[in-house]
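Asks: Note that the working numbering numbers the sequence shown so that position 1 is 1, with each residue one more than the last. Beta carbons: idealized from backbone N, C-alpha and C, even for Gly. Pasting a structure below so you can have a look.
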Amino acid sequence: MNKSELKIIEVLRLVVDLETFVSNPSNAYNNTSYIQKSLEDIKKILEE
């Protein structure tokens with residue numbers, strides 16, 4: 001796989017993790033720092 005494909009896979013993995021986390025109502029309202037960190041990680045990968 002080339003670097004672009006690896007970046008896509010990593011972003012998708014983070015998105016799925018984030019979606020799973022947010023789909024649990026107690027997590028969605030109580031841990032915005034996790035959500036923010038995930039979004040920052042995704043942004044960092046996309047900017048590389």
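Mapping the DSSP letters down to three states, classify ASN27 as helix, strand or coil.
Replies: Helix.
Asks: Starting from GLU5, trace the alpha helix (DSSP H) in both directions and tell me its first and last residue.
Replies: 3-22 is the span of the alpha helix (DSSP H), which, as asked, contains GLU5.
Asks: Could you tell me which of VAL15, LEU6, LYS3 and SER4 sits nearest to GLU40, measuring between CA atoms?
Replies: It is VAL15.
Asks: DSSP on GLU40, reduced to helix/strand/coil?
Replies: Three-state result, GLU40: helix.
Asks: I'd like to know whether the C-beta atoms of ILE45 and VAL11 end up nearer to each other than 9 Å.
Replies: Taking 9 Å as the Cβ cut-off, ILE45 and VAL11 qualify as a contacting pair.
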